[in-house]
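Residue numbering for the sequence shown follows the working numbering, beginning at 35 and increasing consecutively.
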Amino acid sequence: MKKIVLSVAIIALSTTVIVGATRAYFSDTETSTGNTFAAGTLDLNLDGADTNSVKFTVTNTAPGASGTSYWTVKNVGSLAGYVDLASIAKTNDDNLCTEPESTDGDTTCGAGQGELGANMNITIFVDADKDGVIDGGETTLYTGTLDGLATSYDANLALAAGAEQYVSLNWSIPTTVGNVIQSDSVQLDMSFQLGQTI
35 MKKIVLSVAI IALSTTVIVG ATRAYFSDTE TSTGNTFAAG TLDLNLDGAD TNSVKFTVTN
95 TAPGASGTSY WTVKNVGSLA GYVDLASIAK TNDDNLCTEP ESTDGDTTCG AGQGELGANM
155 NITIFVDADK DGVIDGGETT LYTGTLDGLA TSYDANLALA AGAEQYVSLN WSIPTTVGNV
215 IQSDSVQLDM SFQLGQTI
């Protein structure tokens with residue numbers, strides 16, 4: 035009988051330990067549901083569109099001529115970014131071989147052999163007030179001959195979402211340039227690129 039009483043006491047003690055181990059204390063639970071992640075956008079508009087923007091179609095130019103124009107670059111995306119001139123290409127052509135050109139020492143004649151780009155001065159700059167003049171608040175990206183342009187420039191022109199800036203190009207042909215550019219042409223292709231600001 036003593037063994038039975040001892041066994042019952044052990045069983046009762048074990049039950050008390052198990053019940054005590056499962057007893058609850060104060061607690062509180064909060065939830066976090068519906069977490070989402072969405073990517074922003076970078077979208078550059080050039081002169082208000084996503085299509086090619088031709089700013090210069092100059093014909094019958096000559097020594098002493100000059101001009102200016104600007105591109106409007108706008109970040110229509112939702113993220114801040116910076117604009118660079120990502121790709122620049124120039125093509126010079128000597129379209130005719132006139133007698134005055136030959137007299138001035140032009141010995142080349144044909145595609146890729148024109149002298150206009152080497153004799154045309156240009157300045158590309160961030161035009162803060164959109165007036166085509168470098169007058170204080172502007173940042174010059176390049177100044178020199180058109181042929182001297184590199185293939186790209188890290189302009190690092192900051193554009194917040196919805197912001198726009200103006201990039202101007204001024205050109206001129208010195209009066210000292212002679213007949214060597216007669217009938218020549220040059221084509222300039224530039225790509226503007228908007229990169230993410232981190």
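All C-beta atoms, glycine included, are put in the ideal place defined by N, C-alpha and C.
Exercise. Going by DSSP, what residues sit across from THR125 in a beta bridge?
Worked result: To locate residue 125, count along the sequence shown from 1; it is residue 91. Beta-bridge pairing links THR125 to GLN221.
Problem set entry | Where SER225 falls, given that 16 or more other Cβ within 10 Å makes a residue buried | Position 191 of the sequence shown, counted from the start, is the residue given in the question as residue 225. So SER225 counts as exposed.
Problem set entry | Status (buried if at least 16 other CB within 10 Å, exposed otherwise) for VAL39 | Mapped onto the sequence shown, residue 39 falls at position 5. In this prediction, VAL39 has a pLDDT of 48, which is less than 50 and means its spatial position is unreliable; nothing more can be read from the coordinates.
Exercise. Under the three-state reduction of DSSP, which class applies to LEU180: helix, strand or coil?
Worked result: Against the sequence shown, residue 180 aligns to sequence position 146. In this structure, LEU180 counts as helix in the three-state DSSP scheme.
Exercise. Which runs of the alpha helix (DSSP H), 4 residues or longer, sit entirely within the region 130 to 190?
Worked result: 133 to 137
For this session: Note down the Cα distance separating LEU233 from PHE90, rounded to an integer number of angstroms.
Result: Residue 233 is absent from the model: the chain starts at 35 and stops at 232.
For this session: Provide the residue span of the beta strand (DSSP E) that contains SER100, from first to last.
Result: Translated into the one-based positions of the sequence shown, residue 100 becomes position 66. 100 to 109 is the span of the beta strand (DSSP E), which, as asked, contains SER100.
Problem set entry | Touch test, the region 147 to 159 against the region 210 to 226, Cβ-Cβ under 8 Å, three pairs minimum | yes
Problem set entry | Sheet register partners of ASP118 (DSSP bridge) | Translated into positions along the sequence shown, residue 118 becomes position 84. DSSP lists GLN227 as partners of ASP118.
For this session: Could you spell out where the beta strand (DSSP E) holding SER112 opens and where it closes?
Result: In the sequence shown, the residue the question calls residue 112 occupies position 78. Neither: SER112 is in no beta strand (DSSP E) and is coded neither H nor E.
Exercise. Do you know how far the Cα of ASP138 is from the Cα of LYS108?
Worked result: Locating residue 108 in the sequence shown gives position 74, where the first residue counts as 1. Locating residue 138 in the sequence shown gives position 104, where the first residue counts as 1. LYS108 and ASP138: Cα-Cα distance of roughly 45 Å.
For this session: Measure how close the beta-carbons of LEU76 and LEU113 come, nearest whole angstrom, since I'm counting them as under 8 Å.
Result: Residue mapping note: residue 76 aligns to position 42 of the sequence shown, counting from 1. Residue mapping note: residue 113 aligns to position 79 of the sequence shown, counting from 1. Contact flag correct, Cβ pair sits at about 5 Å.
Exercise. So, using beta-carbon positions, are SER100 and GLN227 closer together than 9 Å?
Worked result: Position 66 of the sequence shown holds residue 100. Position 193 of the sequence shown holds residue 227. No; because the gap between Cβ atoms is not below 9 Å, this pair is not in contact.
Exercise. To the nearest angstrom, how far is it from the Cα of ALA73 to the Cα of THR63?
Worked result: By one-based count along the sequence shown, residue 73 stands at place 39. By one-based count along the sequence shown, residue 63 stands at place 29. Using only the alpha carbons, I get a separation of about 31 Å.
Problem set entry | 7 Å Cβ shell around GLY98 - same chain, five flanking residues per side excluded | If you number the sequence shown from 1, residue 98 lands on position 64. Correct list, in chain order: ILE207, THR209.
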